[in-house]
Amino acid sequence: MNWHLQDAKNNFSKLVQRARNEGPQTVTVRGEPAVVVLSTEEYEKLAGKRKSIAEYLLTGPTWDEEFAAEVERRPDNMIRDIEL
Numbered sequence: 006m007n008w009h010l011q012d013a014k015n016n017f018s019k020l021v022q023r024a025r026n027e028g029p030q031t032v033t034v035r036g037e038p039a040v041v042v043l044s045t046e047e048y049e050k051l052a053g054k055r056k057s058i059a060e061y062l063l064t065g066p067t068w069d070e071e072f073a074a075e076v077e078r079r080p081d082n083m084i085r086d087i088e089l
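Counting from 6, one number per residue, gives the positions in the sequence shown under this note's numbering.
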């Protein structure tokens with residue numbers, strides 16, 4: 006359902022109730038869609054569960070075989086002599 010901004014402000018509790026019971030509610034400003042009010046349940050479906058920092062770091066990008074081989078080929082000590 007679409008709500009004009011002033012109607013949404015005047016009937017905020019009704020807006021929230023409808024978002025929870027009927028689904029997303031669109032609020033318009035000057036006739037243009039501005040925001041959507043959703044229930045927490047709908048929001049979590051769209052946003053998905055956020056990973057913890059540990060989960061994020063543990064599921065980092067994978068290396069292809071060629072890149073992994075290049076990393077393994079490098080010496081442990083990357084310091085080298087240079088002339089100044």
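All C-beta atoms, glycine included, are put in the ideal place defined by N, C-alpha and C.
Go to residue 82, then tell me how far its beta strand (DSSP E) extends in each direction, as first and last residue. Residue mapping note: residue 82 aligns to position 77 of the sequence shown, counting from 1. From DSSP, residue 82 is part of no beta strand (DSSP E); its letter is neither H nor E.
Who pairs with residue 38 in a beta bridge, going by DSSP? As a working mapping, residue 38 is identified with position 33 in the sequence shown. Residue 38 pairs with 33.
Nearest-angstrom Cα separation, counted from residue 58 out to residue 36: The count along the sequence shown starts at 1 and reaches residue 36 at position 31. The count along the sequence shown starts at 1 and reaches residue 58 at position 53. When rounded, the distance between both Cα atoms is 41 Å.
Could you tell me the distance, in whole angstroms, from the CA atom of residue 41 to the CA atom of residue 82? Looking up residue 41 in the sequence shown gives position 36. Looking up residue 82 in the sequence shown gives position 77. Roughly 56 Å separates the two Cα atoms.
Can you round the beta-carbon distance between residue 30 and residue 8 to whole angstroms, since I take them to be within the 8 Å contact cut? Taking the sequence shown and counting its residues from 1, the one referred to as residue 30 is at position 25. Taking the sequence shown and counting its residues from 1, the one referred to as residue 8 is at position 3. With a Cβ gap of about 6 Å, residue 30 and residue 8 count as contacting.
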